[in-house]
Amino acid sequence: MLYLSQVLGRPIRDLEGERVATIKDIIVRLGADDHPPVTGLVARYRRRDFFLPRFHITVLNQQGARLNSDILDLRPFGRRESEVLLARDVLDKQLIDVDGKRVVRVNDVQIIEAAGDWRVTGADVSLQGLWRRLAPAGFAGSKKTVEVLDWADVGFLATDAATVQLKSSSDKLARLHPVEIARLAEALSYHHGSEVVESLDDETAAETLEEMPAESQARILSDMDQERAADILEWMSPDEAADVLGDLPEDKAEELLGLMEHDEQADVVELLPYEDDTAGGLMTTEFVTLPRALTVGEALARLREMAETPNMIYYLYVVEKEESWKLVGVIALRSLILAEPSMPLEEVMRTEFQQADPEEPAKEVAQRIAEYNLLALPVIDDSGDILGIITVDDAMEILLPKDWRQRLPRLFG
Amino acid sequence: MAEQGAAVRAAGRRLMRRGAQGVRRTVARRKRLLAYVAILGPGMITANAGNDAGGIATFASVGADFGYSLLWLLIPITISLGIVQEMCARMGAVTGKGLADLIRERFGVRWTALIMLALLIANAGVTVSEFVGIAAASELFGVSHYVSVPLSAILIWFLIVKGSYKKVERVFLLMSLVFLGYIVSAFLSRPDWSAVAVGMVRPEFKLEYAFLFTFVAVIGTTISPYMQVYVQSSVVEKGVTPDDYGKTKLDVWVGTIFALLIVFFIIVSTAATLHKSGIQITSAADAAHALRPLAGRYAQTLFGLGLFGASMLAAGVLPLATAYSISEALGFEKGISRSFREAPIFLGTFTFLVAVGAAIAIVPNLPLIRVLLVTQVINGLLLPIVLFAVLRLVNNREVMGRYVNGPIYNAAAWLTAIVVTILSLLYILITLFPTIFGHR
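Protein chains in written order, with this note's numbering: chain B, 20 to 432; chain L, 24 to 463.
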């Protein structure tokens, strides 16, 4: 087992043992492997950097490297696709530890020789790793086991080397809950935070964005390729998507809106006219309506057959007739399941229920939802039509203090 | 099956005719909000945080000891502070990373360790000065500082660790606004404005210990190392990007000029009151004298309130910001919501700074005002280390892309760093060999 810090600056010797250069960096290829293989060294000779391919190297240890020939092939170094330099791109940089759900900084890199290959097996994130590099050589003889993060758990490498993000890493990230991904992305710099979101699939990216602060959502989407941004917007819930678009510059918002699929676009457009801090701005347009003439059994069958089930089906909204939006009653899913299948909906539904006007202040509606312990509240226009519903999770966001997330407190307010 | 699915979707679509003019409305509203926030932006806050206990003591001493003769120093210092703060703010906007992060990623562990050590010492010094400020303020009210300092330290520790600091922060902030009173006081004390004008434009410099001491202290308290770290973190925290950086740049410069304007009035009012009557500042009560023209016999109360508020404010924020920087650079867990086991380095650094700051401030027979000045000198001596790191980073194209310094700007920035370094070296020389320049 070898640490990167023990190898850097060590001599490279030829077959005779003659010192020909020093090790400046180690090149590894990121790819499908959980533990990326070493593909060569960057050798420093007379203040210039050269590339030493893996097959020229027979020995690599704390004493340095040894070549298998006398002839040093002085090919200038150029980075190839999906290659990273351990000292330059990995050491001292941040990465996401998927297993520990945290952002850590790489103090050292662990390399193990197995089956004739040197592979990066882990990132040392411990204090000892730091000490190994700080202390004079030979001073850091601690044999204590150190905390090494398995490279297989690395979900994202926050490095400036372009195009090194591995496909496999986004799969690893996707194992986390979107809330966690959002938290980790926020802990990185905004460039890397955007990269994290971009590396995810559309659906996960949408869910992750929804958990981020509004400004971050707007920034990430506007920096992204427009087609991709539109795809992600389609996956977001219409109310969240409308909020983001509202935060973007007008022309940008219109462009993105134009790129969205017709159905999703229409849903979002409905919500745009409402101010953020009103019931209309808070509501989502995903809800289930059922005509009053149905029986309980028929209603349940419809729910089961529904192609896209909205998130919120704990309340079902009963309307005058098919294709109508005139709200006449509300049924909790529980009452529907417990009721006799042959009963008409009219007899199960409640006709007295809490409702909101689209212009009502968001805060008041949110308080009402909390007071009455509701999961959702319908928003009704003047003619009695249902426009949308406000769900309890959106209400919570209004009611919880803004800075419940612990952050560096500002000096002044 | 498809048609019920459609029924759900249609719920929204039906409203389409309401049109999309809403986009415009929301955007417009948000812009107003941003403009409002900018009034108290990171640049304004940080530059004015320099006017804390150590700052007040230093500037009051400058006025009392040297009259108007050092006022000229404020012009180059304003420019230097603005440039230094602007560079850090720009780095924050371009990279989205804190200064400690960048230092670690670009300079490796050994340099990071050195720079962080310098920052730790400088900030420990400033923290001591804040607790000394608390001590001095409480003595003005007749409360023994053996009681007030430990109590304040415990209060600050609990407020921050329990996360309720933000609520009381405003109270301290409000109290520290008392120092705006110096502006009024400066006018009421009827200074000799022509002498002020001469002091502003005629540079006076002597190779003497007292002179260099004051010089380095003034630089150290105005351009403190923690301010660079702090302004960059705030810019990152605020999510500023190169696109909207213009506003932040303005905020930095306006903040700098405003802060130095207050310094100007502190020096003028102390010069017009204390220097004229030959009083040297040895205690907080002396410094309070300069508020007499404004507050009469309430000068001490007013000064005490301001000093206490400003000191409490910084005594909490400074150890916290230091703990953040060090954990950030070394890659340790951070955040006040963590337990000691989760984030030992973070909470350890924070607790250590509060404890050491309070402990030193209650050493018996401590010459309080002298200690305040000495901590500012330490700041000034360590400033070059941070400045050179900042300059190397801000001129690195890999870090900053096309946002590196321009040539003239860069020259001014390097000049600042070099002059500060020379002054620091001169000060160390004259301290070690008092007769080296033939005086004393």
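Glycine is no exception: its CB is placed at the ideal position from the N, C-alpha and C atoms.
Euclidean distance between Cα positions of residue i and residue j
i	j	result
A378/L	P367/L	16 Å
T140/B	G212/B	25 Å
A384/L	F154/L	6 Å
R47/L	Q236/B	Residue placement at R47/L cannot be trusted, given a pLDDT of 32 that sits under 50; the coordinates are not used to answer.
R53/L	E378/B	Reliability of the predicted coordinates at R53/L is poor, the pLDDT of 43 falling under 50, and the value obtained from them is presented with this limitation in mind. About 19 Å.
G327/L	I177/L	20 Å
S161/L	V151/L	15 Å
G243/L	L235/L	12 Å
P329/B	D190/B	26 Å
V367/B	D401/B	25 Å
F372/B	I399/B	12 Å
L376/L	T398/L	14 Å
L317/L	V191/L	28 Å
G265/B	Q25/B	53 Å
A338/L	I179/L	8 Å
F74/B	R38/B	18 Å
A346/L	I332/B	47 Å
M255/B	L192/B	19 Å
R40/L	R369/B	Interpretation of R40/L is limited by its pLDDT of 29, a score under 50 that renders its predicted location unreliable; no figure is taken from the coordinates.
Within-8 Å CB hit, residue i to chain L
i	result
R429/B	Reliability fails at R429/B, whose pLDDT of 38 lies under 50, so the model's placement of it is uncertain and the value that follows must be treated cautiously. Judged by the 8 Å Cβ criterion, R429/B is in contact with chain L.
R238/B	yes
Y334/B	no
L149/B	yes
S235/B	yes
R152/B	yes
D460/B	Outside the displayed span of chain B (20 to 432) sits residue 460/B, for which this structure offers no information.
K382/B	no
V144/B	yes
Beta-carbon spacing of residue i, residue j below 8 Å
i	j	result
L416/L	F287/L	no
G438/L	G77/L	Residue identity differs from the one stated: residue 438/L is Leu in this sequence, not Gly. Their beta carbons are not under 8 Å apart, which means L438/L does not touch G77/L by this criterion.
I289/L	L143/L	no
V275/L	G66/L	yes
I126/L	F202/L	no
E132/B	R48/B	no
L355/B	L335/B	yes
Y432/L	I106/L	yes
M198/L	G403/L	no
Short CB-CB distance (under 8 Å) between residue i and chain B
i	result
A136/L	yes
R32/L	For R32/L, the pLDDT reaches just 38, beneath the cut-off of 50, and the residue's location in the model is therefore unreliable, leaving the point undetermined.
R113/L	no
V107/L	no
G28/L	For G28/L, the pLDDT reaches just 39, beneath the cut-off of 50, and the residue's location in the model is therefore unreliable, leaving the point undetermined.
L222/L	For clarity, residue 222/L is Gly in the given sequence; the question names Leu instead. It does not: the Cβ of G222/L has no partner Cβ on chain B nearer than 8 Å.
K120/L	yes
E128/L	yes
G264/L	The sequence given here places Thr at residue 264/L; Gly does not occur at that position. Output row for T264/L: interface = yes.
G354/L	yes
V85/L	no
G371/L	no
G66/L	no
G131/L	yes
Cβ neighbour criterion (16 or more within 10 Å) applied to residue i
i	result
N80/B	exposed
L114/B	buried
Q303/L	exposed
A310/L	buried
W137/B	buried
M415/B	exposed
A220/L	exposed
E383/B	exposed
L110/B	buried
L273/L	exposed
S167/L	exposed
W216/L	exposed
A484/B	Not covered by the structure: residue 484/B. The range shown for chain B is 20 to 432.
key: Interface positions of the segment 123 to 137 of chain B facing chain L (Cβ-Cβ less than 9 Å), listed along the chain   = Interface annotation for the segment 123 to 137 of chain B against chain L: V123, R124, V125 and N126, criterion Cβ-Cβ distance under 9 Å.
query = Using Cβ-Cβ distances below 7 Å, what residues of the segment 198 to 218 of chain B are close to chain L?
reply = So the close ones are S208, Y209 and H210.
request  = Can you give me, in chain order, the residues of the segment 412 to 432 of chain L that have a beta carbon less than 9 Å from any beta carbon in chain B?
outcome  = Flagged, chain order: E421 and V422.
ask   = Going along the segment 133 to 163 of chain L in order, which residues come within less than 7 Å of chain B, judged by CB to CB distance?
value = Correct list: R133 and A136.
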